[in-house]
Amino acid sequence: MTRLCVPLTADSVERMAADIRAAASVGADMIELRLDYLRNRDDALIRQLMAAARAFPGEVIATCRLAEEGGRYEGNKNSRIALMERAALDGADYLDFEYEAWRRSADARQRIGRACKSKNDQEQARPMLILSKHDFERTPAGLDTLFADLAREPCHVVKLAVRAEVITDALAMLDALRASAAKRLTIALSMGETGILTRVLAKKFGALLTFASLATGRESAPGQLTIDEMWSLYRWDKMNPQTRVYGVIGCPVAHSMSPAILNAAFEAVGHDGVYLPMRVEPDYADFESFVDGCISRPWFGLGGCSVTIPHKRHLLQFVEQHHGEIEPLAQRIGAANTLCVEPGQRGDGSDTRVSAYNTDYRGALDALCAGMNTSQAGLKGAVVAVLGAGGVSRAIVAGLFDCGCKVTIYNRTAGKARRLAEEFGVTARPWEQRNKLEADVVINCTSIGMWPKTDDTPLPDARLNTRTLVFDTVYNPIDTRLLRDARASGCRTIDGVAMFVNQAAAQFEHWTGCRAPMETMRDVVVGKLSRQTE
């Protein structure tokens, strides 16, 4: 079973002992005592620390990482070996020692090897030796060879931790993990933002452990998640070899709310899936390489992805090239935000079926229908003013036109509004005329009023008819100035969270075939936005 290990990086024995208790309270299976972080490492203090560690209910790794391998130890090498021997004598379950240091020091091999038992007796051996290799600059070629080199030494566990420069580096690490874990105890991690796949999916692919920090800011390596995120956000207790993988593909994606929303939705309906941020660099070649890489590895279990800027057009191109199915309106919009992946029967990914949809327009139409208490058929003939002519506007205009609405576009760049209007056979008018509009529905698709410029509004001087419904696609803040002004004029309103949740719900339903837990999803969005503004 893959353990959830918390590295402890306090600079004093007293603080680290307190962190041992804290790690136990938040559900850590293991702790790593980073002895290199301690300012004072004399024998009496180490004995005190190890006594505290013996009270921890799980297993304990003792590590004193060299500065050249990303740690903080720059002292005498003999003293470091003696420190590791002390930790072994006082009850550590594992000693983590760097492969390069092991290879160049006969003294280390003799003394650390003596402190650890024979690797042929893994059931009884304590402490067990972890031989580790780190690269904070890149993912080197030949990860399988590196694991094999480590395994030739008399160790119990092999460990590689390297920087993922691009997300396909993380796929290569998962390849190496699967191959190595089938033969021996293995730790395999890609560091950095694009390495998150290896951290969350370690349990799916049989790693000995994955690391998670006690709190934000206390990471021992780049890209490390917190233990709370592993339990609460990524549902660590539900992870298993059959878990389907989903995610949001974009650049950037670090601050996306989608993982919180979709993982909560999976939990609400009991779907065996995990949803991850997937940073893919902006070029089409990067998008194709990653998605192809996932599909060609059926064991990865890709079920689908949300696709955001700058890859919405790339998704259409990818599905076209792979002879998949594209929703007709997504094709006309020229952008898709939802990838669905259906595994084939051959087991090698060659007959996997892919399809692309645009749920942005559906999210907007569903919100509009709910606000007007009607169906999409009931929208026919409605007079709608759309503010803006960007990507969001394009999707919404396409959906409105498809429903038979009478649409007028107002945009600060007149030529852009005119081109969009001509493409869909609707009307464009100058931005300056927006305050005199008369419409059944006004939809703001600009970013005006978005945080932090919350005092702005796209309609500063408009006098709206009380029969007009005002829909703002901005969702941060939830209650924009435009919506407040509209309510003051007696208008009905729809906030941007409705569209945001609806489009995510449509993706969820495409992937799972289950009815989306709308209330849960909205609660997550509102909760996250409320915390951001506090």
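The opening position of the sequence shown corresponds to residue 660 in the working numbering, with each subsequent residue numbered one higher. Built from N, CA and C at the ideal position, the CB exists for glycine as well. Remember, it's a predicted structure, so these values are computed and weren't measured experimentally.
Secondary structure of Asp1010 (DSSP, three-state): coil. DSSP, read as helix, strand or coil, puts Asp1154 in coil. Taking C-beta atoms as the reference points, Ala871 and Leu856 fail to come closer than 7 angstroms. Under the three-state reduction of DSSP output, Ala1087 falls in the strand class. Under the criterion of beta carbons closer than 8 angstroms, Thr1018 and Ala1165 qualify as touching, at roughly 4 angstroms. Around the beta carbon of Asn899, a 10 Å sphere encloses fewer than 16 other beta carbons of the protein chains shown; the residue is thus reported as exposed. The beta carbon of Val1056 sits closer than 7 angstroms to those of Val1045, Val1066, Ile1068, Leu1079, Phe1083 and Val1085, all from its chain and outside the five residues before and after it, given in chain order.
With distances taken between CA atoms, Ala741 lies nearest to Arg768 out of Arg768, Gly1149, Pro716 and Cys664. Per DSSP, the continuous alpha helix (DSSP H) segment holding Val672 begins and ends at Val672 to Ser684. DSSP links Glu1001 through a beta bridge to Arg1012.
Contact annotation: Gly1108 and Val1133 have beta-carbon atoms nearer than 7 angstroms.
Apart from the 5 residues on each side of it in sequence, Lys842 has no Cβ closer than 7 angstroms to any other Cβ in its chain.
By the C-beta density criterion, Trp1090 is buried, having at least 16 other C-beta atoms within 10 angstroms. The Cβ-Cβ distance between Leu830 and Gly1008 does not fall below 7 angstroms. Nearest in C-alpha terms to Ser1106, of all of Asp1120, Arg1126 and Val1051, is Val1051.
Shown here, Val1133 sits in coil according to DSSP, grouped into three states, outside any helix or strand. Restricting attention to beta strand (DSSP E) runs no shorter than 3 residues, the stretch 712-743 encloses them at 718-722, ordered along the chain.
In this structure, the CA atom of Gly1047 is about 50 angstroms from the CA atom of Ala682. Counting C-beta pairs with one atom in each stretch, the stretch 908-916 and the stretch 859-877 have fewer than three that are closer than 8 angstroms, which means they do not touch. When only Cα atoms are considered, Val1184 and Pro813 end up about 51 angstroms apart. When Cβ pairs closer than 8 angstroms are counted between the two stretches, the stretch 973-983 is seen not to touch the stretch 1025-1045, the count staying below three.
Following the DSSP letters along the chain, one finds His973 in no beta strand (DSSP E) but inside the alpha helix (DSSP H) bounded by residues Lys971 to Gln980. Within its own chain, the residues whose Cβ lies closer than 6 angstroms to the Cβ of Thr869, once the five positions on either side in sequence are excluded, are Arg858 and Ala861, listed in chain order. In terms of CA proximity to Arg1181, Val1156 leads the group Val1156, Gly983, Ala1147 and Ala714. Ranked by Cα distance from Gln1004, the first of Gly730, Leu1123, Ile954 and Asp896 is Ile954. Within the DSSP secondary-structure output, Cys964 pairs in a beta bridge with Gly906 and Leu998. Cβ atoms of Arg739 and Tyr696 stay farther apart than 8 angstroms, at about 13 angstroms. Nearest neighbour of His981 by Cα position, chosen from Ala1036, Val817, Val1013 and Ser1034, turns out to be Val1013. Here Thr845 is actually not in contact with Val821; their C-beta atoms are around 14 angstroms apart, not less than 8 angstroms. At a Cβ-Cβ threshold of 7 angstroms, Met937 and Ile968 do not count as neighbours.
Checking the DSSP bridge columns, you'll see Leu935 partnered with Gly906. For Tyr753, DSSP records a beta bridge to Ile720 and Met787. Of all alpha-carbon atoms in Gly1063, Arg1077, Arg693 and Phe949, the one lying nearest the alpha-carbon of Val825 is that of Phe949.
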